[in-house]
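This report refers to the structure that appears directly beneath it.
Number of protein chains: 2
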Amino acid sequence: MTEIDRIDRKILKFLQQDGRISTVDLAEKVGLSPTSTSDRVKRLQREGFIAGFGARLDPHRLGLELLVFVEVSLDKTTPDVFEKFAEAVRRAPEVLECHMVAGGFDYLVKTRVADMAAYRHFLGEILLALPGVKETRTYAVMEEVKSDGILPV
Amino acid sequence: MTEIDRIDRKILKFLQQDGRISTVDLAEKVGLSPTSTSDRVKRLQREGFIAGFGARLDPHRLGLELLVFVEVSLDKTTPDVFEKFAEAVRRAPEVLECHMVAGGFDYLVKTRVADMAAYRHFLGEILLALPGVKETRTYAVMEEVKSDGILPV
DNA sequence: GTTGAAAATCTAGGTTT
DNA sequence: AAACCTAGATTTTCAAC
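Chains as they are written, first to last, in this note's numbering: chain W, 1 to 153; chain X, 1001 to 1153.
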């Protein structure tokens, strides 16, 4: 039920790299027949190892030239600031990721925007406008050394 | 050549959410025939808007329970520390992302590991073992508020 | 951008080890 | 239980419009 063998891991590795590989080609790579390969892929989906499939877009090609990380500290006097902040962030399309962290600040926000002007707008009009936001520190990305996000399977 | 219209944006949006949607279903959603939809998808790939397709795996289902961000500061006395560091990071499978940032530190590293023990091993044996690493600050993620990474198209 | 037929792929059933 | 094979159904591709 929850066991996952060497072949399953190979399947996951190849599907991460190419989510549209045909069952025939995938079967060839993992050394099984197309039918059993397809059965395994379905099982990996059904059991939640594969959450879904998606196209990887090139942000720069789409005019989103600036990647920015923002550290956010909240004013913890109101009880529901965290819930309010999380809700707003989930609705903001500029926010690609947002994580509550343990340490010096409360949330780490990853955002992509067209340019610095767009970021200033996002910071001033959206992020700082949220209730409870006490302090932010902005880190603009100069070079994306690695950004595939491929999980080690 | 580089123009991208409303229908292209719809295609990109749907393909981000479901990279394995059939051409027929995608055509239905964007209001075009399957053939022209397929032509557009091919063009969007050829012109670099779509970098590729991939399976989205569930890290928790794979036993990677801990998401950690690490701020890394380098000792900038040696000229090629940056290149050496970048090279090593690209080879490390635990590192999902690594960005050179402007601000208080040099690199922001995103990593997923099984548990705290695995993270301590990664930090001690891999990250701190790299030449030129002067200082690190670790932020363990307590809650992933948003992590889809869907680009606003 | 559309239509319609040929080719490739995927799916489902039954068979073997 | 897992892998496999064959045939029917879908989907994709490629021509002509």
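Glycine included, every Cβ here is placed at the ideal spot set by N, Cα and C.
Here the structure is a predicted model, which means the values were calculated and not measured.
What residues match up with residue i in a beta bridge as DSSP calls it?
{"i": "Tyr107 (chain W)", "result": "W:Val72, W:Met100"}
{"i": "Leu66 (chain W)", "result": "W:Val113"}
{"i": "Val95 (chain W)", "result": "W:Thr111"}
Look at the alpha carbon of residue i and the alpha carbon of residue j, and state the distance between them as a whole number of angstroms.
{"i": "Glu87 (chain W)", "j": "Gly1031 (chain X)", "result": "32 Å"}
{"i": "Tyr1119 (chain X)", "j": "Leu1067 (chain X)", "result": "9 Å"}
{"i": "Val1133 (chain X)", "j": "Phe1105 (chain X)", "result": "11 Å"}
{"i": "Ile1150 (chain X)", "j": "Lys1029 (chain X)", "result": "19 Å"}
{"i": "Ile1004 (chain X)", "j": "Glu65 (chain W)", "result": "17 Å"}
{"i": "Pro1131 (chain X)", "j": "Phe1082 (chain X)", "result": "10 Å"}
{"i": "Ile21 (chain W)", "j": "Ala1129 (chain X)", "result": "38 Å"}
{"i": "Glu2 (chain W)", "j": "Arg56 (chain W)", "result": "The sequence as given places Thr at residue 2 (chain W); Glu does not occur at that position. Cα to Cα, the separation comes out at about 28 Å."}
{"i": "Pro1059 (chain X)", "j": "Val153 (chain W)", "result": "9 Å"}
{"i": "Ile50 (chain W)", "j": "Thr23 (chain W)", "result": "16 Å"}
{"i": "Lys84 (chain W)", "j": "Ala27 (chain W)", "result": "47 Å"}
{"i": "Arg61 (chain W)", "j": "Tyr107 (chain W)", "result": "28 Å"}
{"i": "Val1089 (chain X)", "j": "Leu1096 (chain X)", "result": "9 Å"}
{"i": "Ser33 (chain W)", "j": "Glu1125 (chain X)", "result": "41 Å"}
{"i": "Glu135 (chain W)", "j": "Ser73 (chain W)", "result": "5 Å"}
{"i": "Asp1148 (chain X)", "j": "Thr35 (chain W)", "result": "31 Å"}
{"i": "Gln155 (chain W)", "j": "Ala92 (chain W)", "result": "The displayed coordinates of chain W run from 1 to 153. Any statement about residue 155 (chain W) would go beyond what the structure contains."}
At what residues does the alpha helix (DSSP H) containing residue i begin and finish?
{"i": "Val1133 (chain X)", "result": "Per DSSP, Val1133 (chain X) belongs to no alpha helix (DSSP H); it is in the beta strand (DSSP E), 1133 to 1146."}
{"i": "Asp39 (chain W)", "result": "34 to 46"}
{"i": "Ala27 (chain W)", "result": "23 to 30"}
{"i": "Phe1014 (chain X)", "result": "1006 to 1017"}
Is residue i buried or exposed, if buried means 16 or more other CB atoms sit within 10 Å of its CB?
{"i": "Gly54 (chain W)", "result": "buried"}
{"i": "Val1141 (chain X)", "result": "buried"}
{"i": "Ala117 (chain W)", "result": "exposed"}
{"i": "Leu1071 (chain X)", "result": "Looking at the sequence shown, residue 1071 (chain X) is not Leu but Glu. Buried."}
{"i": "Lys110 (chain W)", "result": "buried"}
{"i": "Val145 (chain W)", "result": "buried"}
{"i": "Glu205 (chain W)", "result": "This structure cannot settle anything about residue 205 (chain W), because the visible part of chain W is limited to 1 through 153."}
{"i": "Glu1143 (chain X)", "result": "exposed"}
{"i": "His99 (chain W)", "result": "buried"}
{"i": "Arg1137 (chain X)", "result": "exposed"}
{"i": "Thr77 (chain W)", "result": "exposed"}
{"i": "Gly19 (chain W)", "result": "buried"}
{"i": "Arg40 (chain W)", "result": "buried"}
{"i": "Arg1112 (chain X)", "result": "buried"}
Span of the beta strand (DSSP E) holding residue i?
{"i": "Ile1050 (chain X)", "result": "1050 to 1057"}
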